[in-house]
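Start counting the sequence shown at 671; every next residue gets the next number (our numbering). Note that beta-carbon positions come from the ideal geometry of N, C-alpha and C, so glycine has one too. The structure under discussion appears below in the form of structure tokens.
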Amino acid sequence: MRKILVTGALGQIGSELVVALRHQYGAENVIATDIRMPTDVRLRDSGPFEFLDCVDPNHITRVMQIHKIDTIIHLASLLSAIAETRPNQAWQINVNGLYNMLEAARQYKCALFFPSSIGAFGRLTPKYKTPQDTIQRPDTMYGVTKVTGELLCDYYFKRFAVDTRGLRFPGLISYQTEPGGGTTDYAVQIFYDAIKHRRYTCYLRRDTSLDMMYMPDALRAVIQLMEADPARLEHRNAFNLTAMTFTPDDLAHAIQRHIPDFEIDYGVDPVRQDIADSWPDLLDDSAAREEWGWRPQYDLPRMTDEMILRVSEKLKERTETSDMPR
Ligand code: NAD
């Protein structure tokens, strides 16, 4: 990776991945792009930014030519809960947008990273220790677009030798940028409400078990996979990936170790519960471990310790800023 283009760079993953990539590969070598303009100074002032709508091939061509890109990290997407309310737009962005980026990768001889998701499985998939290669019949628009994306990436590698690589991310937990409308967003929001209000109303049932990961592990995974020796990659795309699995009840208990009077109650949202019920409980990520050495560093207690600390600092900073005389 010498000249890297990141699409959807202002989202939950991109806003942290761009900073990590700039640190490792040089600020001027990482071109952040999105359909919104950056407001976060860490991202805005640390390197180049371009407006790029992945649905518009003209935008893509312009940026590819100006910056002489060799690697595309394609993060632009609509997430699961939003995709269910706007299925047509989800197809446009998640499938046509990826197709345009793959075409650009083919034309300009770039590698391309594509994040799939635990949403790419379905109700017929084995839920426990979900195998790397297994049945995938999702019944959400998000899941349909993710399976399509996995297949398109395989096709572009096989047919055109484009160096496509990808992961199936679990729910991602982070404190810097708010999540963008996924089914696992509760696992971030719960920390803000626990610290601010000592209570949280969860939109998933208490026993809904899902794979999760703390953001630093996710960033490491992307870079490690893109740097992996291609000769070792049997799968290339759609590697199962996990770091921990827990239910809302488990997370509430982990938070109560820090905030003993924290209380959780449940007001189930049928749309998000239905999506979560169609997803696995725990992935088998042994292919990622064997083929490129994947090892997570954060489990539930370590992630909870970090989130409590970081979110508390962030909220304190916000209060101090709003208290400052104008
Ligand atoms: P996000 O919703 O936080 O960010 C997506 C970004 O894409 C936004 O900044 C948005 O402005 C931008 N975008 C939307 N339409 C666009 C378009 N037409 N052209 C260019 N940019 C556009 O998403 P995220 O959480 O950062 O996820 C990034 C990728 O990782 C997605 O493919 C998502 O499906 C996948 N993923 C995320 C998670 C998670 O928990 N966050 C889990 C599994 C997979």
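Kindly list the residues whose CB is nearer than 7 angstroms to the CB of residue i, restricted to its own chain and excluding five residues on each side of it in sequence; keep chain order.
{"i": "G851", "result": "L749, A751, I752"}
{"i": "H867", "result": "none"}
{"i": "I805", "result": "L794, T795"}
{"i": "V688", "result": "V676, A679, V700, A702, L713"}
{"i": "Y798", "result": "D951, L952"}
For residue i, I'd like the list of residues in its chain whose CB is within less than 6 angstroms of its CB, leaving aside the five on either flank, ordered along the chain.
{"i": "I978", "result": "H928"}
{"i": "F719", "result": "A702, P708"}
{"i": "A898", "result": "W962"}
{"i": "V858", "result": "I843, P849"}
{"i": "D740", "result": "R672, K673, C780"}
{"i": "R996", "result": "Because the pLDDT at R996 is just 49, under 50, the model does not fix this residue reliably, and the value given afterwards should be weighed accordingly. Closer than 6 angstroms at Cβ, skipping near neighbours: no residue."}
With hydrogens ignored, establish whether the beta-carbon of residue i is closer than 7 angstroms to any heavy atom of ligand 1.
{"i": "C724", "result": "yes"}
{"i": "R706", "result": "yes"}
{"i": "T854", "result": "yes"}
{"i": "S879", "result": "no"}
{"i": "A697", "result": "no"}
{"i": "G681", "result": "yes"}
{"i": "F839", "result": "yes"}
{"i": "T677", "result": "yes"}
{"i": "A898", "result": "no"}
Compute the beta-carbon to beta-carbon distance between residue i and residue j, rounded to the nearest angstrom, for a pair I have assumed lies under 8 angstroms.
{"i": "H1074", "j": "T677", "result": "Residue 1074 is absent from the structure shown; the chain starts at 671 and stops at 996."}
{"i": "T834", "j": "R906", "result": "6 angstroms"}
{"i": "L768", "j": "F784", "result": "6 angstroms"}
{"i": "T912", "j": "S879", "result": "T912 to S879, Cβ: 12 angstroms. No contact."}
{"i": "G841", "j": "S786", "result": "That belief does not hold up - the Cβ atoms of G841 and S786 are roughly 13 angstroms apart, past 8 angstroms."}
{"i": "V941", "j": "E754", "result": "6 angstroms"}
Going by DSSP, which residues form a beta bridge with residue i?
{"i": "P785", "result": "L837"}
{"i": "L952", "result": "Y798"}
{"i": "H630", "result": "With the chain covering only 671 through 996, there is no way to say anything about residue 630."}
{"i": "N910", "result": "R838"}
{"i": "I934", "result": "Y870"}
Completely contained alpha helix (DSSP H) runs for the stretch 853-898, where each covers 4 or more residues
Segments of the alpha helix (DSSP H) lying fully in the stretch 853-898: 856-867, 885-897.
Only counting runs of 4 or more residues, tell me where the alpha helix (DSSP H) segments fall wholly within the stretch 671-726, in order along the chain.
If only uninterrupted alpha helix (DSSP H) runs of at least 4 residues are considered, those enclosed by the stretch 671-726 are 684-695, 711-714.
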